[in-house]
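Here's the structure we're looking at; comments come further down.
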Amino acid sequence: MAYAQIRGGLMGAVRWGRAGLRYAADLALPPRCPSCGVIVGGDRQLCLSCWQALDFLDGPACGRCSMPLVQGAQMMSGADGVMCGACLADPPAFHGAPAAVAYGPVARRLALRLKYGRRVGDAQLMAQYMARRLRDVAGDVGAEASLLLIPVPLHRWRLWRRGYNQSALIAQHMARISGASWDAHALVRHKATPSLQGKRKRERQAIVTGVFSLSDHGARHIRGRHVVLIDDVHASGATLRACARILQRGGAAKISAITWARVVPDAIMTSNIFDFAAWDSDMGSEGL
Ligand SMILES: [Zn+2]
Ligand SMILES: [Zn+2]
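Residue numbers for the sequence shown, in our numbering: 29 to 316.
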C-alpha cells in the first residue's frame with residue numbers, strides 16, 4: 029500500500045473527526061443559515077433572503093433530462109413529450125432528471141460546504157428539497173414500492189480520504205423522508221476520474237466510459253426496480269448518463285435522477301458563478 033494512500037486515509041480520518049466535533053459544536057449553538065450565517069429560527073433552515081435567492085426549477089422542462097426550457101433553447105416533440113436537442117440527438121437511459129434548484133450562489137455555497145467543508149448536516153436540508161422532486165419521477169412515492177435511491181459513487185480512495193460520499197448522505201436522508209429504499213453500494217466507481225472541465229462531449233464520454241459497474245449485490249438489487257440516481261450537481265450530465273447506462277444494462281425497470289442543483293445554460297452564459305476548479309477533483313461528482 030503506497031505511503032501517500034495511507035497518509036491520505038489517516039488525514040481523512042482526522043478531518044472526519046474534526047467534522048464530528050464541528051457538528052457537535054453546531055448542535056450547542058443557535059441555528060444559523062447554512063448559506064450566509066445569520067441566526068435562524070430552527071435547525072437546517074435557510075434565512076428568508078437566501079431562500080428567496082434560490083431558483084426552484086419547477087417550470088417547463090425537457091421530458092427526458094429535465095433541462096429547464098430556457099429562452100433560445102432548442103426544444104422539439106419527442107417520445108417523452110417536449111425534449112431538448114441534446115436528448116433528441118442522443119437520449120439518455122434515464123427518464124427525468126429534475127433538480128431541486130438552479131446552480132446559483134446559494135445552491136453552490138451549500139454544495140461546496142457539504143462536499144469540501146464537511147458540513148454534513150447540510151445534506152439533510154438539501155434532501156428535504158430534493159425529496160419533493162420524487163413526485164416528478166415517481167408519482168405517489170408511497171405507492172411506488174419498487175423505488176430504489178442509488179447515489180453516484182465515489183472512488184474508494186476518495187471516499188477514504190474524505191470520509192463520506194456527499195451524495196450518499198443526501199440519499200440516506202431522502203430515503204428517510206420519503207420511505208423509499210436506498211443502496212449506496214449497488215454502483216461501484218473504478219476510477220477517480222479527472223476533471224471534465226473544458227472537455228468536448230466525446231472526450232467526456234470517453235472519460236466516464238468503463239468507470240462504473242454494478243456490484244454483485246447491486247446487480248441483484250436493481251433488477252425490475254425503478255432506480256433514482258442521486259447526485260449533488262448536474263452539469264453536463266455525462267456522469268449520470270454513464271451510471272444510467274450501467275443500470276439499464278443491468279435490468280432496472282426504469283431509471284431517473286434527482287440532483288440538488290442543475291447548471292442551466294443561461295446561468296453559464298450570464299454569470300461566472302460556476303467555479304469549475306472547485307469541482308475538478310472528482311467531477312463534483314459531476315462535471316462539464
Ligand atoms: Zn442566509
Ligand atoms: Zn433533455
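Ideal Cβ placement from N, Cα and C applies to all residues, glycine included.
- Taken from the Cβ of arginine 92, at least one heavy atom of ligand 2 lies inside 6 angstroms.
- Within 10 angstroms of the beta-carbon of leucine 76 lie fewer than 16 other beta-carbons, which makes it exposed.
- The C-beta of phenylalanine 122 has 16 or more other C-beta atoms within 10 Å across all chains shown, which makes the residue buried.
- Shown here for glutamine 233: same chain residues with a beta carbon closer than 7 angstroms to its own, the five before and five after excluded, namely Ala266 in chain order.
- With respect to the 7 angstroms criterion, alanine 139 and alanine 289 are classified as neighbours on the basis of their beta carbons.
- Unbroken beta strand (DSSP E) runs of no fewer than 3 residues, entirely contained in the segment 247-278, are found at 254-262, following chain order.
- Sixteen is the threshold: when 16 or more other Cβ atoms of the shown chains lie within 10 Å of the Cβ of aspartate 260, as they do, the residue is buried.
- For methionine 158, the distance from the CB to the nearest heavy atom of ligand 2 is not below 6 angstroms.
- DSSP, read as helix, strand or coil, puts arginine 161 in coil.
- As computed with DSSP, valine 129 is found in a beta bridge with Phe84, Ala289.
- The segment 241-256 makes contact with the segment 273-286, as at least three CB pairs between them are under 8 angstroms.
- Contact annotation: serine 94 and glycine 124 have beta-carbon atoms nearer than 7 angstroms.
- In this structure, the beta-carbon distance from leucine 215 to isoleucine 258 does not fall below 7 angstroms.
- Counting along the chain, the unbroken alpha helix (DSSP H) around leucine 116 starts and ends at 113-117.
- Its Cα nearest to that of lysine 229, the residue Ala114 stands out among Ala114, Gly238, Arg160.
- The straight-line gap separating the alpha-carbon atoms of alanine 135 and leucine 82 is approximately 7 angstroms.
- If you look at arginine 232, you'll find it in the alpha helix (DSSP H) that goes 229-236.
- Shortest Cα-Cα distance from leucine 275 to any of Asp118, Leu242, Pro293, Asn193 involves Leu242.
- Of all alpha-carbon atoms in Met202, Ala56, Thr221, the one lying nearest the alpha-carbon of histidine 183 is that of Thr221.
- Within the chosen limit of 6 angstroms, ligand 2 reaches the beta carbon of methionine 95 through at least one heavy atom.
- One Cα belongs to alanine 196, the other to valine 180, and the distance between them is close to 8 angstroms.
- When only Cα atoms are considered, leucine 74 and alanine 89 end up about 26 angstroms apart.
- The alpha-carbon separation between valine 68 and leucine 57 amounts to approximately 11 angstroms.
- Contact between arginine 147 and proline 62 holds: CB atoms are separated by about 7 angstroms, below the 8 angstroms threshold.
- Within the same chain, Asp108, Gly109, Val110, Met111 come within 6 angstroms of glycine 91 by CB-CB distance, once the 5 residues on both sides are set aside.
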